[in-house]
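Reviewing the structure listed below.
Residue numbers (this note's numbering): 176 to 250.
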């Protein structure tokens with residue numbers, strides 16, 4: 176494949192062909208309609224790890240659990 180053919184192929188692929196949805200095309204829809212279930216699972220995982228790191232004290236546990244429960248319910 177020549178460089179020119181490669182460049183043509185790169186310019187013809189779009190974000191939707193790669194499985195991504197831009198925020199502008201998803202305007203008016205909820206997050207769970209815009210991203211895959213794997214992405215939602217990943218978002219929840221990152222938030223849980225962040226809460227564990229940012230709020231390590233026992234008195235923060237109720238806040239973290241409540242917030243994660245509400246976020247999961249929302250997504």
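Glycine included, C-beta positions come from ideal geometry on N, C-alpha and C.
Would you report the Cα separation of residue 208 and residue 243, rounded to the nearest angstrom? Straight across, the Cα-Cα distance linking residue 208 with residue 243 is about 20 Å.
What would DSSP say about residue 239, mapped onto helix, strand or coil? helix
If you follow the alpha helix (DSSP H) that residue 230 is in, where does it begin and where does it stop? Unbroken run through residue 230: none, as it is neither H nor E.
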